[in-house]
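Throughout the sequence shown, residue numbering follows my numbering, covering 361 to 541 in sequence.
Using N, Cα and C, we set each Cβ at its ideal position, and we do this for glycine too.
Note sheet for the following structure.
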Amino acid sequence: MKATGIVRRIDDLGRIVVPKEIRRTLRIREGDPLEIFTDSSGAIILKKYSPICELSTFAKEYAESLAQTSGHIICIVDREQIIAISGGPKKEFLEKQISNELEKIISERNTINAERDDAKFIPILNNENDKSYNHELITPIIAEGDALGAVIFLSPAKKMGEVESKLAQSAAGFLGKQMEQ
361 MKATGIVRRI
371 DDLGRIVVPK
381 EIRRTLRIRE
391 GDPLEIFTDS
401 SGAIILKKYS
411 PICELSTFAK
421 EYAESLAQTS
431 GHIICIVDRE
441 QIIAISGGPK
451 KEFLEKQISN
461 ELEKIISERN
471 TINAERDDAK
481 FIPILNNEND
491 KSYNHELITP
501 IIAEGDALGA
511 VIFLSPAKKM
521 GEVESKLAQS
531 AAGFLGKQME
541 Q
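Take a look at the structure:
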């Protein structure tokens, strides 16, 4: 745990203010859920909560099945990072922070099907220098009206068509229903 040197007082309602600099750095926005942990030394730890991460084992298996069926690289992301990948380089993608552009696409609930030359094509990761894919299909995962993540198909050569689009929609819909339960 890293000390920030910032001290805050608890108000009469038991609230504390998380400083703007920390919220910006950790990409915490108004209304974001935070999970609260304590440890034996008396520390209180706040962590961004991701309901999709609770399904990470299930999401991994689903991604593997989709990759085998479609022949594409499959990523399942929450609004922060890639939580499951199959059919592609795990080390380069798994648990890496997603790009601001991808986060915006998810929050706007847009579906993208684009080639690298297309203006709609966006980087998946913040430090996107990856040339291992030239086509992408991004479908948001929505649960109880909230956009929580996305199912992403990536391909080095094959353009995604209607079959892949329906597979991605089905996967996103199914994962959204699982989170509602």
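- With fewer than 16 other Cβ atoms from the protein chains shown falling within 10 Å of its own Cβ, Phe-534 counts as exposed.
- Every unbroken stretch of the beta strand (DSSP E) spanning 3 or more residues and falling wholly within the segment 486-532 is given here in chain order: 495-503, 506-515.
- In this structure, the alpha-carbon of Ile-445 lies about 4 Å from that of Cys-435.
- When secondary structure is reduced to three states using DSSP, Asn-470 falls in the coil class, being assigned neither helix nor strand.
- Residue pairing of Asp-438 in beta bridges, as defined by DSSP: Gly-509.
- Counting along the chain, Leu-394 sits inside the beta strand (DSSP E) bounded by residues 394-398.
- In the assembly as shown, Thr-499 is a buried residue. Its beta-carbon has 16 or more other beta-carbons within 10 Å.
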